[in-house]
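Trainee: Protein chains in written order, with my numbering: chain L, 237 to 597; chain A, 237 to 597.
2 protein chains.
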Amino acid sequence: MARLTMRDISHATGFSVFTVSRALSGGDGVSEQSREQILKAAQELGYVVNRAAQELRRANRDTVAVVTAGTSNSYYLDLMAGIQRALDPSAWTVIIGDVAVDGAYDARLEARIVQRLIESRTAGVISALTLQPEHTELLAKWDIPIVFVDSSPEAAHFPSITTNNHDASLMVGQHLAEHGYREWLFLVYPTKWSSRFGRESGLREAARLAGANLVVLETANDAASARTALAHHLDDSATSPHVLIAGNNPLLLGAMGLLRQRMIRIPEDMAVVAYDEFAWSALTDPPITVLNEHSEEVGRRAAMMLRGIIEEQEEAQRKGQSSSPRYLPEHQQQVPARLMLRGSCGCAAGSVLDGALVKSA
Amino acid sequence: MARLTMRDISHATGFSVFTVSRALSGGDGVSEQSREQILKAAQELGYVVNRAAQELRRANRDTVAVVTAGTSNSYYLDLMAGIQRALDPSAWTVIIGDVAVDGAYDARLEARIVQRLIESRTAGVISALTLQPEHTELLAKWDIPIVFVDSSPEAAHFPSITTNNHDASLMVGQHLAEHGYREWLFLVYPTKWSSRFGRESGLREAARLAGANLVVLETANDAASARTALAHHLDDSATSPHVLIAGNNPLLLGAMGLLRQRMIRIPEDMAVVAYDEFAWSALTDPPITVLNEHSEEVGRRAAMMLRGIIEEQEEAQRKGQSSSPRYLPEHQQQVPARLMLRGSCGCAAGSVLDGALVKSA
DNA sequence: ACCGCCAACCTAATCGTTTAGGTAAGGTGA
DNA sequence: TCACCTTACCTAAACGATTAGGTTGGCGGT
Numbered sequence: 237m238a239r240l241t242m243r244d245i246s247h248a249t250g251f252s253v254f255t256v257s258r259a260l261s262g263g264d265g266v267s268e269q270s271r272e273q274i275l276k277a278a279q280e281l282g283y284v285v286n287r288a289a290q291e292l293r294r295a296n297r298d299t300v301a302v303v304t305a306g307t308s309n310s311y312y313l314d315l316m317a318g319i320q321r322a323l324d325p326s327a328w329t330v331i332i333g334d335v336a337v338d339g340a341y342d343a344r345l346e347a348r349i350v351q352r353l354i355e356s357r358t359a360g361v362i363s364a365l366t367l368q369p370e371h372t373e374l375l376a377k378w379d380i381p382i383v384f385v386d387s388s389p390e391a392a393h394f395p396s397i398t399t400n401n402h403d404a405s406l407m408v409g410q411h412l413a414e415h416g417y418r419e420w421l422f423l424v425y426p427t428k429w430s431s432r433f434g435r436e437s438g439l440r441e442a443a444r445l446a447g448a449n450l451v452v453l454e455t456a457n458d459a460a461s462a463r464t465a466l467a468h469h470l471d472d473s474a475t476s477p478h479v480l481i482a483g484n485n486p487l488l489l490g491a492m493g494l495l496r497q498r499m500i501r502i503p504e505d506m507a508v509v510a511y512d513e514f515a516w517s518a519l520t521d522p523p524i525t526v527l528n529e530h531s532e533e534v535g536r537r538a539a540m541m542l543r544g545i546i547e548e549q550e551e552a553q554r555k556g557q558s559s560s561p562r563y564l565p566e567h568q569q570q571v572p573a574r575l576m577l578r579g580s581c582g583c584a585a586g587s588v589l590d591g592a593l594v595k596s597a
Numbered sequence: 237m238a239r240l241t242m243r244d245i246s247h248a249t250g251f252s253v254f255t256v257s258r259a260l261s262g263g264d265g266v267s268e269q270s271r272e273q274i275l276k277a278a279q280e281l282g283y284v285v286n287r288a289a290q291e292l293r294r295a296n297r298d299t300v301a302v303v304t305a306g307t308s309n310s311y312y313l314d315l316m317a318g319i320q321r322a323l324d325p326s327a328w329t330v331i332i333g334d335v336a337v338d339g340a341y342d343a344r345l346e347a348r349i350v351q352r353l354i355e356s357r358t359a360g361v362i363s364a365l366t367l368q369p370e371h372t373e374l375l376a377k378w379d380i381p382i383v384f385v386d387s388s389p390e391a392a393h394f395p396s397i398t399t400n401n402h403d404a405s406l407m408v409g410q411h412l413a414e415h416g417y418r419e420w421l422f423l424v425y426p427t428k429w430s431s432r433f434g435r436e437s438g439l440r441e442a443a444r445l446a447g448a449n450l451v452v453l454e455t456a457n458d459a460a461s462a463r464t465a466l467a468h469h470l471d472d473s474a475t476s477p478h479v480l481i482a483g484n485n486p487l488l489l490g491a492m493g494l495l496r497q498r499m500i501r502i503p504e505d506m507a508v509v510a511y512d513e514f515a516w517s518a519l520t521d522p523p524i525t526v527l528n529e530h531s532e533e534v535g536r537r538a539a540m541m542l543r544g545i546i547e548e549q550e551e552a553q554r555k556g557q558s559s560s561p562r563y564l565p566e567h568q569q570q571v572p573a574r575l576m577l578r579g580s581c582g583c584a585a586g587s588v589l590d591g592a593l594v595k596s597a
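#1: Quick one: Cα of Tyr425 of chain A to Cα of Arg297 of chain L, how far?
#2: Between Trp429 of chain L and chain A, is there a C-beta pair that is closer than 9 Å?
#3: Taking only beta-carbon atoms, is Glu346 of chain L less than 9 Å away from chain A?
#4: On the DSSP letters alone, give me the boundaries of the alpha helix (DSSP H) that Tyr312 of chain A sits inside.
#5: State yes or no: is the C-beta of Thr399 of chain L within less than 9 Å of the C-beta of Ser388 of chain L?
#6: Could you run through the stretch 488–500 of chain L and flag, in chain order, every residue whose CB is less than 8 Å away from some CB of chain A?
#7: With DSSP as the reference, please indicate the residues paired to Met576 of chain A in a beta bridge.
#8: Measuring straight from C-alpha to C-alpha, what distance separates His415 of chain L and Gly318 of chain A?
#9: To the nearest whole angstrom, what separates the beta carbons of Arg578 of chain L and Pro523 of chain L, a pair I think is in contact under 8 Å?
#10: Determine the closest residue to Pro381 of chain L out of L:Leu353, L:Gln320, L:Glu390, L:Ala460, with distance taken between C-alpha atoms.
#11: Note down the Cα distance separating Asp512 of chain L from Ala289 of chain L, rounded to an integer number of angstroms.
#12: Which class does Glu504 of chain A belong to by DSSP, given the choice of helix, strand or coil?
#13: Is there a C-beta anywhere in chain A that falls below 9 Å from the one on Thr255 of chain L?
#14: Please report the straight-line C-alpha distance between Val253 of chain L and Ala278 of chain A, rounded to a whole angstrom.
#15: Any idea if Arg432 of chain L is buried or exposed, counting beta-carbon neighbours within 10 angstroms, 16 or more meaning buried?
#16: Roughly how many whole angstroms lie between the Cα atoms of Lys377 of chain L and Ile332 of chain A?
#17: Which residues in chain A sit within 7 Å of Pro325 of chain L, going by Cβ to Cβ distance?
#18: Hey, how far is the Cα of Met541 of chain L from the Cα of Leu487 of chain L?
#19: Between the alpha carbons of Trp429 of chain A and Leu365 of chain A, how many angstroms are there, rounded?
#20: Below 6 Å CB to CB, which residues in the same chain sit around Val526 of chain L once its five sequence neighbours on both sides are set aside?
#21: To the nearest angstrom, how far is the alpha carbon of Ser310 of chain L from that of Val335 of chain L?
#22: Enumerate in chain order the residues of its own chain whose CB-to-CB distance from Gly591 of chain L is below 7 Å, with the five nearest sequence positions on each side excluded.
#23: In its own chain, which residues sit with a C-beta less than 7 Å from the C-beta of Gln568 of chain L, not counting the 5 before and 5 after it?
#24: Expressed to the nearest angstrom, what Euclidean distance is found between the alpha-carbon atoms of Thr464 of chain L and His530 of chain L?
#25: Please report how far the alpha carbon of Ala459 of chain L lies from the alpha carbon of Ala467 of chain L, in whole angstroms.
#26: Cβ atoms of Gly409 of chain A and Ala443 of chain A: under 9 Å apart, would you say?
#27: For Val452 of chain A, which residues in the same chain have their Cβ closer than 7 Å to its Cβ, ignoring the five residues on either side in sequence?
#28: Taking only the alpha-carbon atoms, compute the straight-line gap between Pro565 of chain A and Glu548 of chain A and give it to the nearest angstrom.
#29: Can you list, in chain order, the stretches of the alpha helix (DSSP H) that have 4 or more residues and sit fully within the stretch 465–505 of chain A?
#30: For Val452 of chain A, go through chain L and note every residue whose CB falls closer than 7 Å to its CB, in chain order.
#31: How far does the beta strand (DSSP E) with His419 of chain L in it reach, from first residue to last?
#32: Roughly how many angstroms lie between the CA atoms of Pro503 of chain L and Leu489 of chain A, to the nearest whole one?
#33: So is His371 of chain L buried or exposed if we call it buried at 16+ other beta carbons inside 10 Å?
#34: Cutting at 6 Å between CB atoms, please list the residues of its own chain near Glu346 of chain A, excluding the five before and the five after it.
#35: Report back the beta-carbon spacing between Phe251 of chain A and Ser270 of chain A to the nearest angstrom; my notes put them in contact at under 8 Å.
#36: For chain A, check one thing: does any of its Cβ atoms lie closer than 9 Å to the Cβ of Glu291 of chain L?
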């Protein structure tokens, strides 16, 4: 049946296009009776407004985008849940831009997605990775606010919600030291995901304090690469690590596959701890001790912050002031993490974290 | 800096808006020299085309939407990967519409998302669940083609890529019979996901042939509900099942949590098999025997089919023929599944499936 | 010199909404 | 009666791109 427009509703009801528009979008200037008549006709004809035309004419946008790299990391699922919860779906549309192909970050794809977001004049962006400087600049030029989650670009004034990775990693390291481990192997993703910095520095400090030896092994951010990297490392190095620290979920998965294949027992032969809680963590063999970022809380806060920035921006624009988003110092927040002690680190079960007690399943 | 338009580029270069448009979109009628000049100016000024205006004017759309319910099911991640692979990202944009809130299907959200897809005049839809009839009708009215994956609506003429769930389930059942299990418990999600039908009928037939007793326990499609439902069932029923068949991943997760808590040993006290492969399946305690749907292949095929339908539709429209999509019998395809035998069913490792041999990790 | 053709470019209409700026009818108060 | 509101509605001008249908100027062929 194709192309039904307001003009068709206008003809069907005898009202002008203006009145139809007002009736459908809920503005005033239309009597209750006429509105009902128009809504009924639109419903019957199956009319749906053309968003391209609407957005072209309207000033304010209502779509925010979440930029991630590799949604296979279950961390992102919780993040998204938090974001969705903070943005009323009847008022906002959330879209996801995944800048990874086959699970691996792709620079050209990042460029295309940023381009695409500007093309559709997105109201705001939540980014789970450090974007390339030219892209943050381009978004800034178009007055599109960005909130970074668990990452923040070098240009330091951008809003961000990050986990306090340094302190959390320090806590992890202290726990490992208590177990008596001296040789630590940190299997980690590249610095594009800037949570790397805090995690590494915290572990370094803990290792220094405990007199342990920390080896950092960098790998691409997917399970297969992690497995290969770890295999080569174990083959090449003389000493075997006492404990393996997996930088995130895909890396843990790759490492666990290798350890199982090589019949390396956990934690007897090598202890394991990992970053980021995941659904199956308590049901693996053995259950995995995990540093739990509150990614849902991170998502919730990021979305609320972004919403606030957008609203303030719109208000300023109405008043004829600058239309660029205003970033304030309080737009940089940190949320604490908790350590979930399970079998893989050498513990039995039940545990301390930031002062709170956690039972494992 | 706000609102940069083609007119600005036009003023900056001295060319008309027409020439700027042609230069940027790669059409002819522009000399190579002028084009370079225009591209350079656009680049320097940071101009990005306004997609709303572009889509309003243009006939053809280039966005396809994937409708899912609860992306926490890792099945969807593979599905998405397959879809992405089949749709060249420089030509197509793929968006995800998740019709679940907090992991549970939400009817009102489905209505909103369908509305939203029509508003933006989406080129086509891939749906992972049976949509409400009024919604398939509305999409049909707007000539938006739909391909269903692992589900198909009652109106039977729609394109669909489904796993051959009946035959696959029959295979599962036969395997369970070989282990000698007589009491089967099928923990399963509602029929809104229509893969339920084939899975249940295959198990029923297998149970009949083997003289086993099949109990079907329906639960909402998330881990927490599954856990509660299973707990009540085990408490209430006199006989304990020999084997638990989990209808999908979240249900398996819920069930495994309960079995571990109650110290029910797998497979000694109760065997477990599940539908849908997942990343951690070989690393749980014990490794889980799984019926592996080739969800990436399903996604790939669905995307290719949808693309074909859209292209045919556009061609017909150019010729002035009907603009509604043409659905053919060959648009209904089935892909086979494979059974991945691991420890949880009572096997040791390594296995048959559809004639192919599979090693478990 | 003349004609025709092509490349390169322009003007202006158009897509489907929203909205600024009207108007006409009816009510109200002095 | 008149001036003045208010309500309910309309006309017409945007929004920023694409594109049908011109208009040039230059070149080649005869």
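We treat Cβ as the ideally placed atom computed from N, Cα and C, and that holds for glycine.
Mentor: Once the coordinates are examined:
#1: 38 Å
#2: no
#3: no
#4: 311–322
#5: no
#6: Leu489, Met492, Gly493, Arg496, Gln497
#7: A:Val526
#8: 44 Å
#9: 4 Å
#10: L:Leu353
#11: 43 Å
#12: coil
#13: no
#14: 37 Å
#15: buried
#16: 28 Å
#17: Leu345, Arg348
#18: 31 Å
#19: 5 Å
#20: Ala510, Glu513, Ser517, Met576
#21: 16 Å
#22: At Gly591 of chain L the pLDDT is 32, less than 50, meaning the model places this residue with poor confidence; the figure from the coordinates comes in the next sentence. Taken in chain order, the list of residues that qualify is empty.
#23: Pro395, Ser396
#24: 30 Å
#25: 12 Å
#26: yes
#27: Phe422, Val424, Glu436
#28: 15 Å
#29: 485–497
#30: Result: empty, since nearest Cβ-Cβ is about 24 Å, beyond 7 Å.
#31: A small fix is needed here, since residue 419 of chain L is Glu in this sequence, not His. Here the beta strand (DSSP E) through Glu419 of chain L covers 419–424.
#32: 24 Å
#33: buried
#34: Val335
#35: 6 Å
#36: yes
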